[in-house]
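Chemist: Shown below is the structure under consideration.
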Amino acid sequence: MAILCDKNSRVMVQGITGGAGSFHTERMLAFGTNIVGGSTPGKGGQKVCEKPVFDTVAECVEVTGADVSAIFLPARFVKEAAIEAIRAGIRFLVVIPEHIPIHDMLHVRREAIERGVTVIGGNTAGVMTPGEANLGIMPDIAFTPGRVGTISRSGSITYYVADTLTRSGYGETTCVGLGGDPVLGSTFDEILVKFENDEKTKAVVMCGEIGGVYEERATETISRMETPVLAMIGGIYAPPGKRMGHAGAIVEGKMGTAQEKLDALAAAGAHPCRTFTDIPKTLAKLGV
Amino acid sequence: MRLYEFEGKELFARCKIPVLVRRVAKSPDEVYAAVSEMDIPVVLKSQVLIGGRGKAGGIKTAEGANEARTAANQLFKLKIRGYPVASVLIEPRLDITREYYVGVTIDRANYKLVVIASGEGGVDIEETAEKSPEKIVRKSLGIEQDLYPFEALAIAKKIGVPSDLLKQAAGIIVNLYDLFRKYDAKLVEINPLVVTADDKLVAADARVSIDDDALFRHPELAEMGVEKRHEEGEMTPREQQATEWGIPYLDLDGDIGMFPGGAGFGIMGNDFIHYYKGRPANFMDSGGGPSPERIAKMLVLLDENPNVKAIFGARFGGISRCDDFARGVIMFLKDHGLSKPMVMRMTGNNWQEGVRLFDEAKKTNPELFEKIEAHGIETPIEEISKRVVALAAQEGGN
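The listed protein sequences derive, respectively, from chains Z and D. First residue of the first sequence: 798, per the working numbering; consecutive thereafter. First residue of the second sequence: 12, per the working numbering; consecutive thereafter.
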């Protein structure tokens, strides 16, 4: 089993005719992702990697039965594209671009909640279910099917953690990129619940970083979970008031310090890890 | 990103939030000229992107132009929590009878906008929230919702605004909420909103923070001279250089130059250095599939930083390929040269090609590689971190 997407997902790409869209469509297909088509307004009737292109998401859904979509468009077009997908009946949406205006994501989130759609991102590397589906821009080199789920606000941390799990023999069920933007489509707790309900996932590694409140929001869920949660937080030594690469990675006033996040997660029952090598050690101790 | 008070007040004025007559001066002489024209007792307020200027002596009053110049001489020499004062806002001095707090921000955990108000203005709202939460009024709204005057009036009433000023206060709160949505703000605060001796409400301070990522749709801000900047404090010259080159970069106070891949590992890698008792000289995000030219520029930033004693390089080739990374490093070695020891690790997509490019370049120019220790996937990143800390110590770092 997996969460969010697997080999049966019918995936479409919004912005499939663009540079990034077509490049990653080819990569995702080569991995074995079940891509059924895509959309670009005004380019309906074309093909990319043999897959049909439609003018609208609704047409793509109607003809191909797409139920999952990945957005590869510039940030300023994301609000409209996401709402289009949500209203067209997409059930799971991945927002790859970064630096989406915060107010736009508030609108997208509201629309998604109203219609029961899961959105992840912006600024996510995507979702990887090893051996089944690669939805986004993750390099398959780090991943192997296994029994630990991961959630991270960062692409590079996802690769380091997956590589660590792969080489220590645990492997991964699904790796979820939550995204690096300040306001995200989904939160840690929402994804943790999905892993808790997944039989194959025996533990979850969640990797947060400075900025925002999503790690703190997860504490109540973690305290109720049976599946053990390992927690890493980046930015213990980060300076306040300075954005660090990700739009969302900034300590603002008293909000968003890494130490407070780590303390809150540990108090809720998560197992803190300082470095990647701590992960297999902790998993072994927990008998995963 | 945070706006200076004078920029925030300009937005207030455009959104019909009452502010005083204002002048901005960049030198004591400009202050003198402005106050001579105004010809009234004034307040001089240092313009910095950080709180606590009052306590740091960054606000002064003056009766006339001569006194104002003397005060300005002191202000322009001042450093407020480390940041120099480049401009001063001049306003008429006010007689104040009462201070309130009004603000709008985003409740990120619940995806709502929240209007916050308090009968205690002029103090840090976070302090009030901790010490006496009962003095704070909050109202949550969806991003799509308008704030109606009757709702704003109820907020004003709860914080103790007297009857004769209620309608005016409600108007200010509605206008502040509208400004928040119109300008893609993350935070707007009037702290304090004051009642003057002649019974008028005026925004005595302005804290406005705008979403950097929405600047593209607010050309009017660029016209006002607002450009990308930190949330807190001004940029260093190296940070400005990096910003020009499109590289997310921060100066820190250590001696290890960090060249660590994506933003996420950029942040965590700096922690690793601390865990092994080293200190990073910078933060850098070199992710997102950088070109060889960009990689070379990143190394220039580190090599030319006199504080840097040793360099930490890491690449997990995801979307960015290791061969491009290797090309960038080689380009830097040939065009610029490396004057400091560097430990690096390269793994991920196309790592074999990256190693091959290094070997080839090394054969023709072995001298370029003398200061580089290159590792692959067999060496954990934790070991690389320890190694660079040891190298920096050898080079006489702290």
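For every residue, glycine included, the Cβ atom is placed at its ideal position computed from N, Cα and C.
Quick one, which residues of the region 1028–1043 of chain Z are near chain D if we go by CB-CB under 9 angstroms, in chain order?
Modeler: Answer set for the region 1028–1043 of chain Z: Met1029, Ile1030, Gly1031, Gly1032, Ile1033, Tyr1034, Ala1035, Pro1036, Pro1037, Gly1038, Lys1039, Arg1040, Met1041, Gly1042, His1043.
Chemist: Could you say if the region 937–951 of chain Z and the region 1002–1018 of chain Z meet the contact criterion of at least three C-beta pairs nearer than 8 angstroms?
Modeler: These segments touch.
Chemist: Skipping 5 residues on each side, what residues in its chain have a beta carbon closer than 7 angstroms to that of Pro203/D?
Modeler: Taken in chain order, the residues that qualify are Glu110, Tyr111, Tyr112, Gly132, Gly133, Ala215, Asp216.
Chemist: I think Val53/D touches Ile117/D, with their Cβ atoms under 8 angstroms apart; what is that distance to the nearest whole Å?
Modeler: Their Cβ separation, rounded to whole angstroms, is 35 angstroms, which puts Val53/D and Ile117/D out of contact at 8 angstroms.
Chemist: Give, in chain order, every residue of the region 894–918 of chain Z whose Cβ lies closer than 9 angstroms to some Cβ of chain D.
Modeler: So the close ones are Glu895, His896, Ile897, Pro898, Ile899, His900, Asp901, Met902, Leu903, His904, Arg906, Arg907, Ile910.
Chemist: Does the separation of the CB atoms of Leu86/D and Lys66/D fall below 9 angstroms?
Modeler: No, the pair does not count as a contact, with Cβ atoms beyond the cut-off.
Chemist: Using 9 angstroms as the limit for Cβ to Cβ distance, is Ser1020/Z near chain D?
Modeler: So, not an interface residue.
Chemist: Residues in its own chain within less than 6 angstroms of Arg240/D by CB, not counting five upstream and five downstream?
Modeler: Excluding residues within five positions, the ones whose Cβ falls inside 6 angstroms are Met12.
Chemist: Taking Cβ positions only, does Tyr967/Z come closer than 9 angstroms to chain D?
Modeler: Not an interface residue.
Chemist: Helix, strand or coil: how does DSSP classify Asn186/D here?
Modeler: Three-state result, Asn186/D: helix.
Chemist: With a threshold of 8 angstroms on Cβ separation, who are the neighbours of Phe327/D within its own chain once the five nearest residues in sequence on each side are excluded?
Modeler: Excluding positions up to five away in sequence, the list reads Gly272, Gly273, Phe276, Thr358, Gly359.
Chemist: If I follow the unbroken alpha helix (DSSP H) through Glu1012/Z, where does it start and stop?
Modeler: Here the alpha helix (DSSP H) through Glu1012/Z covers 1011–1014.
Chemist: What did DSSP end up calling Leu313/D once you bin it into helix, strand or coil?
Modeler: Leu313/D falls in the helix class under three-state DSSP.
Chemist: For Lys123/D, which residues in the same chain have their Cβ closer than 6 angstroms to its Cβ, ignoring the five residues on either side in sequence?
Modeler: Here the set comprises Ser151.
Chemist: Should Arg950/Z be flagged as near chain D, meaning a C-beta pair shorter than 9 angstroms?
Modeler: Arg950/Z counts as touching chain D.
Chemist: What is the DSSP secondary structure of Thr837/Z, counted as helix, strand or coil?
Modeler: In the structure shown, Thr837/Z sits in coil (DSSP, three-state: anything other than H, G, I, E or B).
Chemist: Measure from the alpha carbon of Tyr15/D to the alpha carbon of each residue in Asp335/D, Gly387/D, Val219/D, Val340/D, then state which is nearest.
Modeler: That would be Val219/D, whose Cα lies nearest to the Cα of Tyr15/D.
Chemist: So which residues of chain D does Val980/Z contact, with C-beta pairs closer than 8 angstroms?
Modeler: Those within 8 angstroms of Val980/Z in chain D are Ile117, Arg119, Tyr122.
Chemist: Quick one: using the 10 Å Cβ neighbour count with 16 as the cut-off for buried, is Gln156/D buried or exposed?
Modeler: So Gln156/D counts as exposed.
Chemist: Give me, in chain order, the residues of the same chain whose beta-carbon lies closer than 7 angstroms to that of Glu908/Z; leave out the 5 immediate sequence neighbours on both sides.
Modeler: Ile880, Ile883.
Chemist: By the criterion of Cβ-Cβ separation under 8 angstroms, what are the contact partners of Leu263/D in chain Z?
Modeler: Correct list: Pro1036.
Chemist: Do Val865/Z and Gly919/Z have their beta-carbon atoms positioned less than 9 angstroms apart in this structure?
Modeler: Cβ atoms of Gly919/Z and Val865/Z: not closer than 9 angstroms.
Chemist: Counting only beta-carbon atoms, is Lys197/D nearer than 9 angstroms to chain Z?
Modeler: Yes, Lys197/D lies at the interface with chain Z (some Cβ there is under 9 angstroms from its Cβ).
Chemist: List, in chain order, every chain Z residue whose beta-carbon is nearer than 7 angstroms to that of His386/D.
Modeler: Simply none; closest approach about 14 angstroms.
Chemist: Does the count of Cβ pairs from the region 48–62 of chain D and the region 92–106 of chain D closer than 8 angstroms reach three?
Modeler: Because the criterion of three Cβ pairs below 8 angstroms is met, the region 48–62 of chain D and the region 92–106 of chain D touch.
Chemist: Is Asp224/D helix, strand or coil by DSSP?
Modeler: Note: Asp224/D maps to helix in three-state DSSP.
Chemist: Going by C-alpha distance, which of Pro303/D, Val354/D, Glu384/D, Asn318/D is nearest Asp346/D?
Modeler: It is Pro303/D whose Cα lies nearest to the Cα of Asp346/D.
Chemist: Checking 9 angstroms against the spacing of the C-beta atoms, do Val891/Z and Gly862/Z come in under that value?
Modeler: For Val891/Z and Gly862/Z, no; Cβs fall outside 9 angstroms.
Chemist: I want to see whether chain Z comes within less than 9 angstroms of Tyr286/D, judged by CB atoms only; does it?
Modeler: For Tyr286/D, the answer is yes, since a Cβ of chain Z falls inside 9 angstroms of its Cβ.
Chemist: Taking only runs of the beta strand (DSSP E) that begin and end inside the region 94–134 of chain D, which ones reach a length of at least 3 residues, in chain order?
Modeler: Counting only runs of 3 or more, we get 99–103, 107–118, 123–129.
Chemist: Give, in chain order, every residue of the region 951–964 of chain Z whose Cβ lies closer than 9 angstroms to some Cβ of chain D.
Modeler: Correct list: Ser951, Gly952, Ser953, Ile954, Thr955, Tyr956, Tyr957, Asp960, Thr961, Arg964.
Chemist: For the alpha helix (DSSP H) that contains Arg907/Z, what are its first and last residues?
Modeler: First-last of the alpha helix (DSSP H) with Arg907/Z: 899–912.
Chemist: With 8 angstroms as the limit, tell me which residues of the region 199–226 of chain D have their beta carbon closer than that to any beta carbon of chain Z; keep them in chain order.
Modeler: Under the 8 angstroms Cβ criterion, the region 199–226 of chain D contributes Asp222, Asp223, Asp224, Ala225.
Chemist: How close, in whole Å, do the beta carbons of Lys382/D and Lys351/D come, if the pair is a contact with beta carbons under 8 angstroms?
Modeler: So it is a contact: roughly 7 angstroms between Cβ atoms.
Chemist: Answer with buried or exposed for Glu996/Z, where buried requires no fewer than 16 other C-beta atoms within 10 angstroms of its C-beta.
Modeler: Exposed: under 16 other Cβ atoms inside 10 Å.
Chemist: So what does DSSP say about Asn409/D, is it helix, strand or coil?
Modeler: Confidence at Asn409/D is low in this model, with a pLDDT of 49, below 50, so its placement is unreliable and the value that follows should be read with caution. Residue state, collapsed to three classes: coil.
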